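To keep things clear, I will list the structure first and then write my remarks on it.
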Amino acid sequence: MPKLKTIDFKNPDEKYMREAIRQAKKAYALGEVPIGCVIVYDDKIIGRGYNRRNTDKSTLAHAEITAIKKAGRVIGDWRLEGCTLYVTLEPCQMCAGAIVQARIDRVVMACMNPKAGCAGSILNILDMPEFNHQVEAVRGVLEEECEDMLKTFFKELRIRNKEEKKNK
Numbered sequence: 000m001p002k003l004k005t006i007d008f009k010n011p012d013e014k015y016m017r018e019a020i021r022q023a024k025k026a027y028a029l030g031e032v033p034i035g036c037v038i039v040y041d042d043k044i045i046g047r048g049y050n051r052r053n054t055d056k057s058t059l060a061h062a063e064i065t066a067i068k069k070a071g072r073v074i075g076d077w078r079l080e081g082c083t084l085y086v087t088l089e090p091c092q093m094c095a096g097a098i099v100q101a102r103i104d105r106v107v108m109a110c111m112n113p114k115a116g117c118a119g120s121i122l123n124i125l126d127m128p129e130f131n132h133q134v135e136a137v138r139g140v141l142e143e144e145c146e147d148m149l150k151t152f153f154k155e156l157r158i159r160n161k162e163e164k165k166n167k
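Sequential numbering from 0 applies to the sequence shown in this note's numbering.
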């Protein structure tokens, strides 16, 4: 796994994205696609999550969904107004929809997902005027570090898959 780079903790977006990266590393350790998420309210992390789709055998086990559930329990409401969600990869359609439904104010993303992202790549569910809530989006925070982690993961996965085929 790539080494962490030093960051400026005076920048809260970098500070909390670093926490999302820590969550992504938990997914990586399980052999899951390394995606991590934290939700912040009043400068406190109230929800954390990481990708566990294969581990939990669940389509719903995305980092954002887990973090939203935990944050809702902490706040005591399904509405997460005043919250910022930090995620290492652009949300998919399910997660972007959940973010809008939860009334999250702001999403900070590390890297974009041109094949499945729904916060600006394929479409932008976060900012559709047809919905009753729009979400401010910030892109590119610690982007290179998150891209490197994803590239390393998929490179290792291809090698593992090739070895498994060879050993069958």
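A virtual CB, placed ideally from N, CA and C, is assigned to each residue, including glycine. None of the values given here were measured: they were computed from a predicted structure.
Check                                                                                              : Outcome
Presumed contact (8 Å Cβ cut-off) between V99 and I124, rounded CB distance                        : 6 Å
Straight-line gap, D126 to V134 (C-alpha atoms, nearest Å)                                         : 6 Å
When R47, A28, A26, L29 are compared against C36, the one with the closest alpha-carbon            : R47
Touching by the beta-carbon criterion (3+ pairs, under 8 Å), the region 48–67 and the region 16–31 : yes
Candidates E162, F153, D41, A115: closest to C94 by CA position                                    : A115
Run of the alpha helix (DSSP H) containing E63, from where it starts to where it stops             : 62–74
DSSP state of I44 mapped onto helix, strand, coil                                                  : strand
For D42 and P90, the rounded distance between their alpha carbons                                  : 22 Å
Where the alpha helix (DSSP H) containing M148 begins and where it ends                            : 142–165
Beta-bridge partners of I38, as assigned by DSSP                                                   : G46, L84
Bridge partner(s) assigned by DSSP for V107                                                        : Y85, V137
Same chain, Cβ closer than 6 Å to D12, neighbours up to 5 away in sequence not counted             : V107, V140
Euclidean distance between Cα positions of R102 and K150                                           : 32 Å
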